[in-house]
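Every position in the sequence shown, counted from 1, becomes a number in my numbering once 19 is added. We put the beta carbon where it would ideally sit given N, CA and C, even for glycine.
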Amino acid sequence: MTATTQQPRTALPGVDLERVTFEQAKGWRCPLCDAILTADRSLGTFTATTGLLTDPTELWACARPCR
Numbered sequence: 020m021t022a023t024t025q026q027p028r029t030a031l032p033g034v035d036l037e038r039v040t041f042e043q044a045k046g047w048r049c050p051l052c053d054a055i056l057t058a059d060r061s062l063g064t065f066t067a068t069t070g071l072l073t074d075p076t077e078l079w080a081c082a083r084p085c086r
């Protein structure tokens, strides 16, 4: 099996990727509801043209879907 390289996504419904906070980018807070993450799930890797996500960054959200 060969590894595939996925391009970072540039949109996340309901989230302005250019306004993601440092704590959200680091996986400490949910980018969807801003709750402190104690159990989490990956939303995928994202990038934006400005803000903290100009480098591909994996975003994490609440383990239970918060929305």
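(1) Considering only DSSP beta bridges, list what Gly63 is partnered with.
(2) Excluding the 5 residues preceding and the 5 following Pro75 in the sequence, name in chain order all residues of the same chain whose CB lies nearer than 8 Å to its CB.
(3) Which class does Leu71 belong to by DSSP, given the choice of helix, strand or coil?
(4) With a Cβ-Cβ cutoff of 9 Å, do Leu31 and Leu78 count as a contact?
(5) In chain order, what residues of the same chain lie with their CB nearer than 8 Å to the CB of Glu42, ignoring the 5 residues before and after it?
Short version:
(1) Leu78
(2) Pro27, Thr64, Phe65, Thr66
(3) coil
(4) yes
(5) Arg48
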